[in-house]
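Engineer: So the mapping is simple: this note's numbering equals the position in the sequence shown, first residue as 1, plus 98. For glycine and all other residues, C-beta sits at the position ideal for the given N, C-alpha and C.
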Amino acid sequence: MAKIADSDRFWHRMGDAGYLDQQDRFWFCGRVAHRVLTPDGPLFTVPCEAIFNRHEAVYRSALVGVGSPGSQRPVIVLEPWEGQMPSTDAGRADLLAEIRDLGQGSPLTESIDTFLLHPSLPVDIRHNAKIFREKLAVWAAERLAGRTR
Numbered sequence: 099m100a101k102i103a104d105s106d107r108f109w110h111r112m113g114d115a116g117y118l119d120q121q122d123r124f125w126f127c128g129r130v131a132h133r134v135l136t137p138d139g140p141l142f143t144v145p146c147e148a149i150f151n152r153h154e155a156v157y158r159s160a161l162v163g164v165g166s167p168g169s170q171r172p173v174i175v176l177e178p179w180e181g182q183m184p185s186t187d188a189g190r191a192d193l194l195a196e197i198r199d200l201g202q203g204s205p206l207t208e209s210i211d212t213f214l215l216h217p218s219l220p221v222d223i224r225h226n227a228k229i230f231r232e233k234l235a236v237w238a239a240e241r242l243a244g245r246t247r
């Protein structure tokens with residue numbers, strides 16, 4: 099399953115997603131298993147998170163899907179830099195409004211309308227950058243289920 103025959107050579111399937119642009123540059127999009135499968139098509143972690151990570155208060159972000167694949171709701175979970183977590187409802191609302199505006203400014207993320215703040219994203223202790231998205235998706239689903247609309 100991890101090898102694909104191609105004439106006299108093999109490709110090794112890594113589980114990563116990416117594409118070549120018109121200039122033959124490779125663009126990494128994240129892990130295939132981490133893509134969010136919405137009714138409008140897939141969203142990939144790395145390009146979407148890059149939009150929100152530009153905000154000065156954001157240390158890192160994670161795109162997760164809530165719901166069944168194919169009809170998942172995309173959610174961006176944001177971890178602010180130390181000392182940047184808003185302490186008031188008004189501060190949280192202001193930060194999330196700025197984040198929403200960032201998302202609306204890109205065709206990659208304009209369909210995302212759900213944002214949550216998290217004090218410290220769950221990560222593999224051996225690889226601080228490896229976010230446990232599966233745990234984070236469960237956390238996001240629980241948070242959203244508790245909201246009233």
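1) Who are the Cβ neighbours of P137 in its own chain at under 6 Å, not counting the five residues just before and after it?
2) So, at 7 Å on beta carbons, what are the nonlocal neighbours of Y157 in its own chain, with the 5 sequence-adjacent residues on each side left out?
3) At the level of alpha carbons, what is the spacing between N151 and A100?
4) Spell out the partners DSSP gives I229 in its beta bridges.
5) Taking only three categories from DSSP, how would you classify L200?
6) Considering only residues of the region 150-182, which uninterrupted beta strand (DSSP E) runs meet the minimum length of 3 residues and lie entirely inside it, listed in chain order?
Structural biologist: Checking against the coordinates, here is how it stands:
1) S169
2) E177, P178, W179
3) 32 Å
4) V221
5) helix
6) 156-164, 171-178
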